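Note that the protein sequences, when read in sequence, are chains A and B.
The working numbering puts the first residue of the first sequence at 1, with every later residue one more than the last.
The working numbering puts the first residue of the second sequence at 1, with every later residue one more than the last.
From the three backbone atoms N, C-alpha and C, an ideal C-beta is built for every residue, glycine too.
None of the values given here were measured: they were computed from a predicted structure.
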Amino acid sequence: MQRPSIIRSVEPRWVKPTLFVVTGLFLAVLVLLPLAVVIIEGLRKGWQAYWSAVSDPMTLAAIRLTFLAAAVAVPLNTLFGLAAAWTITKFDFRGRTLLLTLIDLPFSVSPVIAGLVYVLLFGLQGVLGPWLQAHDLQIIFATPGIILATIFVTFPFVARELIPVMQAQGTEQEEAARVLGASGWTTFFKVTLPNIKWGLFYGVILCNARAMGEFGAVSVVSGHIRGQTNTLPLHVEILFNEYNFAASFAVASLLTLLALLSLILRSYVEWRGEQETKSATKGTV
Amino acid sequence: MSLLLKRKSILPGFGLGLAYTSFYLGLVILLPLAALFWRSHTLGAAEIWNVVTAPRVLASYRISFGCSLVAAAVNIVFGLPLAWVLARYKFPGRRLVDAALDLPIALPTAVAGITLTALFAPNGWLGAPLESLGIHVAYTPLGITVALVFIGLPFVVRTVLPVLEELDAEYEEAAACLGATWWQTITRVVWPEVRGASITGFTLAFARSVGEYGSVVFIAGNMPMKTEITPLLIITKLEEYDYAGATALGASSLIISFIFLLGINQLQRHYELKRGAH
Numbered sequence: 001m002q003r004p005s006i007i008r009s010v011e012p013r014w015v016k017p018t019l020f021v022v023t024g025l026f027l028a029v030l031v032l033l034p035l036a037v038v039i040i041e042g043l044r045k046g047w048q049a050y051w052s053a054v055s056d057p058m059t060l061a062a063i064r065l066t067f068l069a070a071a072v073a074v075p076l077n078t079l080f081g082l083a084a085a086w087t088i089t090k091f092d093f094r095g096r097t098l099l100l101t102l103i104d105l106p107f108s109v110s111p112v113i114a115g116l117v118y119v120l121l122f123g124l125q126g127v128l129g130p131w132l133q134a135h136d137l138q139i140i141f142a143t144p145g146i147i148l149a150t151i152f153v154t155f156p157f158v159a160r161e162l163i164p165v166m167q168a169q170g171t172e173q174e175e176a177a178r179v180l181g182a183s184g185w186t187t188f189f190k191v192t193l194p195n196i197k198w199g200l201f202y203g204v205i206l207c208n209a210r211a212m213g214e215f216g217a218v219s220v221v222s223g224h225i226r227g228q229t230n231t232l233p234l235h236v237e238i239l240f241n242e243y244n245f246a247a248s249f250a251v252a253s254l255l256t257l258l259a260l261l262s263l264i265l266r267s268y269v270e271w272r273g274e275q276e277t278k279s280a281t282k283g284t285v
Numbered sequence: 001m002s003l004l005l006k007r008k009s010i011l012p013g014f015g016l017g018l019a020y021t022s023f024y025l026g027l028v029i030l031l032p033l034a035a036l037f038w039r040s041h042t043l044g045a046a047e048i049w050n051v052v053t054a055p056r057v058l059a060s061y062r063i064s065f066g067c068s069l070v071a072a073a074v075n076i077v078f079g080l081p082l083a084w085v086l087a088r089y090k091f092p093g094r095r096l097v098d099a100a101l102d103l104p105i106a107l108p109t110a111v112a113g114i115t116l117t118a119l120f121a122p123n124g125w126l127g128a129p130l131e132s133l134g135i136h137v138a139y140t141p142l143g144i145t146v147a148l149v150f151i152g153l154p155f156v157v158r159t160v161l162p163v164l165e166e167l168d169a170e171y172e173e174a175a176a177c178l179g180a181t182w183w184q185t186i187t188r189v190v191w192p193e194v195r196g197a198s199i200t201g202f203t204l205a206f207a208r209s210v211g212e213y214g215s216v217v218f219i220a221g222n223m224p225m226k227t228e229i230t231p232l233l234i235i236t237k238l239e240e241y242d243y244a245g246a247t248a249l250g251a252s253s254l255i256i257s258f259i260f261l262l263g264i265n266q267l268q269r270h271y272e273l274k275r276g277a278h
């Protein structure tokens with residue numbers, strides 16, 4: 001994609017340095033400085049304080065809950081993503097565009113509203129509230145609510161990644177497999193899955209990063225009960241609002257690490273995908 | 001279910017796939033959203049009107065929509081050159097910059113919120129020098145805008161970058177060969193091609209910003225009438241057990257952002273058609 005272009009010859013001399021300085025400054029303020037702040041503020045009171053904030057029982061409980069919510073939400077949304085992408089890209093049917101639009105819906109709904117709808121549905125004043133209370137079930141201000149809110153906000157991620165990838169691949173390979181006698185599942189596992197594995201992986205990484213970092217939706221349904229319904233991002237908020245900044249940034253550094261790990265994995269996946277496309281095109285030429 | 005198919009296929013799994021997709025979508029997304037509208041339906045028009053036109057609510061709309069518009073515009077101004085640099089120049093660390101651009105998406109919003117607050121607080125690294133110039137960032141609408149610029153940036157760059165990468169440098173070369181100046185090439189050859197993508201990026205950034213909560217609440221200061229965003233007001237109403245108010249506010253802001261998105265989608269389609277015409 002990159003090639004020297006003749007436009008360079010008409011490009012005034014000030015353009016390139018100006019572009020680099022402006023975009024460099026913009027990125028420094030928006031990316032580098034925030035990362036530096038997390039590290040420096042987190043370690044302000046020394047390693048001892050950092051460690052005690054990170055290994056605090058309340059922090060550990062928050063880590064457990066965050067992992068639990070992601071462990072439920074990500075597989076469910078991955079399964080949905082596969083089913084939705086298969087249906088939408090391999091078949092031409094009435095209502096296809098509508099389905100596509102509806103899948104994108106959670107992207108344009110505020111996380112706060114996502115939390116709100118579950119409170120209206122399952123809360124004490126909610127539609128199903130009295131029934132739930134009669135059966136001694138609690139969803140809002142409890143773990144199920146947190147999981148549901150996480151599912152809502154991470155709903156489109158895997159499907160959104162897979163749909164363009166599977167659309168580009170068409171249906172010929174699968175049809176060939178079927179004609180040669182492969183069963184539906186064999187076709188999916190032996191033909192489709194190897195083709196989409198990098199896109200799938202990419203979607204799962206994004207989905208997981210958002211699931212572990214979600215704040216607004218979870219905040220509405222959580223009730224902020226320490227040690228019980230507190231996820232990592234909510235724990236960061238509580239510590240920050242108590243003016244316990246060092247501890248807050250220490251816990252935030254864990255989430256930052258997670259974000260950086262996701263970005264590294266993402267770049268790796270993208271790079272592997274490019275390599276495979278390159279070798280595939282070489283093979284056919 | 002196969003009645004819905006427009007074209008017969010030898011591939012299996014349509015019925016199962018569609019059934020599962022619709023079931024899960026309905027259960028997780030549509031049913032809860034329906035509850036929101038059902039609840040607001042039982043309120044009555046007068047009550048809803050009273051809630052959504054209360055001065056404090058109107059002020060929160062002004063702040064939420066105003067700051068989001070400004071932030072999305074800032075992201076266009078900086079995002080387009082950034083995408084251009086990534087698409088047209090080779091430089092060491094390009095892959096790193098490319099990956100770093102997604103930090104605002106990967107970083108949990110609460111972390112972004114406390115970090116930007118620490119950075120722009122009156123005693124922060126950037127806040128202190130700005131303060132001495134008389135510019136207050138944290139706890140003002142400007143602070144809200146800064147947070148929204150942060151979270152909106154990837155939406156603009158990620159939408160425009162693929163278009164620029166696919167846009168053949170040949171067009172620019174042809175323009176240059178025909179004697180166009182650099183500025184003419186940019187405004188008459190490149191801009192018409194990326195205009196549609198820019199509008200899409202603007203829309204995505206704006207839509208995300210209007211509903212954004214985590215990165216904004218810390219830096220906003222949350223003073224009613226001054227720096228209170230609509231999502232926070234919804235939470236405040238819920239905490240006061242004002243379910244009717246929260247419902248009316250939630251439903252109305254959902255409708256406003258849908259109308260806005262629809263309008264901008266139309267605009268974008270208009271430009272896409274124009275682009276396809278030549």
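- Taking 8 angstroms as the threshold, the shortest C-beta distance from Ile113 of chain A to chain B falls below it.
- The straight-line gap separating the alpha-carbon atoms of Pro12 of chain A and Trp182 of chain B is approximately 7 angstroms.
- Val109 of chain A and Leu254 of chain B do touch by the CB rule: their CB atoms are close to 7 angstroms apart, below 8 angstroms.
- Under the Cβ criterion of 8 angstroms, Gln275 of chain A is not counted among the residues facing chain B.
- Taking the beta carbon of Ala138 of chain B as reference, no residue of chain A falls within 9 angstroms; the closest one sits roughly 13 angstroms away.
- Secondary-structure assignment with DSSP links Phe14 of chain B through no beta bridge to anything.
- Leu5 of chain B is bridged by DSSP to A:Phe93.
- With 16 or more neighbouring CB atoms inside 10 Å of its own CB, His235 of chain A falls in the buried class.
- Straight-line measurement puts the Cα of Ala182 of chain A at about 54 angstroms from the Cα of Phe20 of chain A.
- Lys45 of chain A has a beta carbon lying at 8 angstroms or more from every beta carbon in chain B.
- Distance check between Glu41 of chain A and each of B:Val74, B:Val111 and B:Ile105 places B:Val111 closest, using alpha-carbon atoms only.
- Cβ atoms of Ile163 of chain A and Ile88 of chain A come within 8 angstroms of each other, at about 6 angstroms.
- In the three-state DSSP reduction, Leu133 of chain B falls in the coil class, being neither helix nor strand.
- With fewer than 16 other Cβ atoms inside 10 Å of its own Cβ, Trp271 of chain A counts as exposed.
- The count of Cβ pairs closer than 8 angstroms, one atom from the segment 75-95 of chain A and one from the segment 122-132 of chain A, stays below three, leaving the stretches out of contact.
- Within the same chain, Ile88 come within 7 angstroms of Arg96 of chain A by CB-CB distance, once the 5 residues on both sides are set aside.
- Thr159 of chain B carries a helical assignment under DSSP once its states are collapsed to helix, strand and coil.
- Chain-order list of chain B residues neighbouring Tyr118 of chain A: Pro32, by C-beta distance under 7 angstroms.
- A straight line joining the alpha-carbon of Gly170 of chain A with that of Asp102 of chain B spans about 29 angstroms.
- Around the C-beta of Ile135 of chain B, fewer than 16 other C-beta atoms lie within 10 Å, and the residue is accordingly described as exposed.
- Going by DSSP, Pro233 of chain A is part of the alpha helix (DSSP H) stretching over Leu232 to Asn241.
- Under the DSSP assignment, Tyr171 of chain B falls in the alpha helix (DSSP H) whose first and last residues are Ala169 to Cys177.
- For Gly127 of chain B, no chain A residue has a Cβ inside 8 angstroms of its Cβ, as the nearest lies near 11 angstroms away.
- Residue state for Glu41 of chain A is assigned as helix, using DSSP reduced to three classes.
- Residue state for Thr150 of chain A is assigned as helix, using DSSP reduced to three classes.
- For the C-beta of Pro108 of chain B, the chain A residues within less than 9 angstroms are, from N- to C-terminus, Ala209, Arg210, Met212, Gly213, Glu214, Phe215, Leu232, Pro233, Val236, Ala252, Leu255, Thr256, Leu258 and Ala259.
- Taken in chain order, the unbroken stretches of alpha helix (DSSP H) that lie wholly in the segment 98-186 of chain A and span 4 residues or more are 111-122, 129-134, 143-154, 157-169 and 172-179.
- In the structure shown, Phe26 of chain A falls within a helical segment according to DSSP collapsed to helix, strand and coil.
- Contacts with chain A at 8 angstroms (Cβ-Cβ) do not include Phe206 of chain B.
- The Cβ neighbour count for Trp49 of chain B, taken over all protein chains shown within 10 Å, is under 16; the residue is labelled exposed.
- As the crow flies, the alpha-carbon of Thr117 of chain B is around 41 angstroms from that of Val189 of chain B.
- Rounded to the nearest angstrom, the gap between the Cα atoms of Ala69 of chain A and Phe215 of chain A is 12 angstroms.
- Nearest C-alpha to Pro34 of chain A among B:Gly93, B:Val97, B:Phe120 and B:Leu16: B:Phe120.
- Per DSSP, Ser64 of chain B is one residue of the alpha helix (DSSP H) stretching across Pro55 to Arg88.
- For Ile196 of chain A, not one C-beta of chain B is nearer than 8 angstroms to its own C-beta.
- Minimum Cα-Cα distance from Ala34 of chain B among the listed residues B:Gly250, B:Ala138, B:Tyr271 and B:Ser257 corresponds to B:Gly250.
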